[in-house]
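Trainee: Everything in the sequence shown is counted per my numbering, starting at 12 for the first residue and increasing by one. We put the beta carbon where it would ideally sit given N, CA and C, even for glycine. Dumping the structure here so I can ask a few things about it.
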Amino acid sequence: MPAQIKLAASASLLVALLCLGCGSDDPASPEPATIGLPLTVIRAAWSTASEPFDETAQGIPTLATSRADATFWYSAPAAATRGDFDPTLPHDEAIEVVRVLCLRIPLGLSAAELTAFPPLAAVDQANAARGDSLWAGLMTGIPDGGLDLSGYDYVDLWINDYRQQTVERRGRIHLDLGRLNEDFWNPTLDAFDTEDGDGNNVLAVYEEDTGFDGVFDVDEPTSTNPYASDQDPAGDDYDPVVAREDFADSYFKINGTERNQRLDTEDLNGNGAFDLSNAYFTLGFALAETPDVEMTEIVEDVTGAPPTDGKAWRLYRLNLRDAQVRSDSGGVPDWQSIDHARVWIDDLGAGGESPLNRIEIGGIRFGSIESPPWKSSAGWAVPATASTTGD
């Protein structure tokens, strides 16, 4: 269950909505002391997740081959608006966009989605065949010595899975904080993957922007990647275009690393080393658990109808003191030095009816009892607006 540090939440009183997607340099956001410490939800800051470590051999996948194939993540324009978090706003304010991070898993795809992009049929079947071992996730590195979370008591996560009925909810969210194994791109290679061939921490676009495979399209062998083509045999080109009318949020190649004009490297925390050990704190909760804020109920109380488009935004608050420790090296994680963060999900219902294949993360924010990350005055602390770019 989520930590029992509760928020007041009802149609008449909700004083704890996070400032989603905002920062201390955002003139529309509250002062840093009142908004807590956020992790970014900007797509480019996140990579596919490395394999979680399981010292108990219970409940956590132990093979990287159980990681879902062909996942993609993106910041979609207008995926969320301020009205999703405050149904009392006037129309011109309610339609303002809030940045959220979306994760899609090719699993249980509809006939229309498969018709729009047939190569995903084999991936869908392979992911489903992994059953209970299937998992998917994202991770990010935190440079300059990491985050100091020693003064924080809890973390708030806003999650949307488009399942308004509790009985329909599947999946378990995990949040890992500390030192994480950075071998995320292709662990079977047992190698440090980076575009930084000369080690100067600068991307030479015309020579080094090859993607993690180290070669440009002209030299790539044909692969089984569902996003491959004659022009891109490895399927690793960066392409931010939303391509298909019938599959409108198909940002299939927005995370491509070839010609994305970014230095792609497994050194996520920028410490100049390839970190392979694990020493981290982990927290988790099931999406079917009772959240601390349930926007479906609040919107229905105010408007008389549930949120449109099936949105089911809700907030889960986790007590940092409930975190368990994972370590494969005898090391001890330190709340004063959090080098990485990983969000991953399992228990997806793979192989069954209506598996979980889509989540949106609207905010990950740390707070303390003495300085909670919301406005204390009456009324809602509405999210700040964000760029509408899909990147």
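Would Glu42 be called buried (16 or more neighbouring beta carbons within 10 Å of its own) or exposed?
Mentor: Its pLDDT being 29, under 50, Glu42 is placed unreliably in this model, and the coordinates cannot settle the point.
Trainee: State yes or no: is the C-beta of Tyr291 within less than 7 Å of the C-beta of Asn271?
Mentor: No, they are not a contact pair.
Trainee: Mind checking which residues open and close the beta strand (DSSP E) that includes Ala297?
Mentor: Start and end: Ala290 to Ala297.
Trainee: Mark Arg273 as exposed unless 16 or more other C-beta atoms lie within 10 angstroms of its C-beta, in which case mark it buried.
Mentor: exposed
Trainee: Under a Cβ-count criterion, where at least 16 other Cβ atoms within 10 Å of its own Cβ denotes burial, should Leu112 be classed as buried or exposed?
Mentor: buried
Trainee: May I ask you to verify whether the region 103-123 touches the region 136-152, counting CB pairs closer than 8 Å and requiring at least 3?
Mentor: These segments touch.
Trainee: Give me the Cα-Cα distance between Ala91 and Asn171, rounded to the nearest whole angstrom.
Mentor: 10 Å
Trainee: Would you call the region 328-343 in contact with the region 197-213, where contact means no fewer than 3 C-beta pairs closer than 8 Å?
Mentor: no
Trainee: Checking 7 Å against the spacing of the C-beta atoms, do Asp230 and Asp243 come in under that value?
Mentor: no
Trainee: Rank Asp201, Tyr217, Ala316 and His185 by C-alpha distance to the C-alpha of Asp65 and give the top, closest one.
Mentor: His185
Trainee: Looking at the structure shown, is Thr82 part of a helix, part of a strand, or coil, going by DSSP?
Mentor: Correct three-state label for Thr82: coil.
Trainee: Do Leu160 and Ile375 come within 7 Å of each other at the CB atom, strictly closer than that value?
Mentor: no
Trainee: My assumption, with CB atoms under 8 Å, is that Gly222 sits in contact with Asn236. Please give the rounded CB distance.
Mentor: Not quite, the Cβ-Cβ distance comes to about 11 Å (not below 8 Å), so this is no contact.
Trainee: Can you check which of these residues, Thr307, Ala79 and Pro63, is closest to Leu408 by C-alpha distance?
Mentor: The displayed coordinates of the chain run from 12 to 402. Any statement about residue 408 would go beyond what the structure contains.
Trainee: Give the DSSP-derived three-state secondary structure of Gly281 in the structure shown.
Mentor: coil
Trainee: Determine the direct distance from the alpha carbon of Asn266 to that of Val52, and round the result to whole angstroms.
Mentor: 14 Å
Trainee: Alpha carbon to alpha carbon, what distance is there between Phe203 and Gly341?
Mentor: 23 Å
Trainee: Considering only residues of the region 132-210, which uninterrupted beta strand (DSSP E) runs meet the minimum length of 3 residues and lie entirely inside it, listed in chain order?
Mentor: Within the region 132-210, the complete beta strand (DSSP E) runs of at least 3 residues are 147-152, 165-171 and 183-190.
Trainee: Please tell me whether Ala4 and Ala147 are closer than 7 Å, where the distance is taken between their beta carbons.
Mentor: Residue 4 lies beyond the residue range present for the chain, which begins at 12 and ends at 402; the question has no answer from this structure.
Trainee: Is the Cβ-Cβ distance between Thr293 and Asp187 less than 7 Å?
Mentor: Going by C-beta atoms, Thr293 is nearer than 7 Å to Asp187.
Trainee: Would you kindly check if the distance between the Cβ of Ala323 and the Cβ of Tyr173 is under 7 Å?
Mentor: yes
Trainee: Phe195 and Ser58 - do their beta-carbons sit closer together than 7 Å?
Mentor: yes
Trainee: Counting only the same chain and skipping the five closest in sequence on each side, list residues whose C-beta sits under 6 Å from that of Thr314.
Mentor: Pro98
Trainee: Classify Ile309: buried if its beta carbon has 16 or more other beta carbons within 10 angstroms, exposed otherwise.
Mentor: Label assigned to Ile309: buried.
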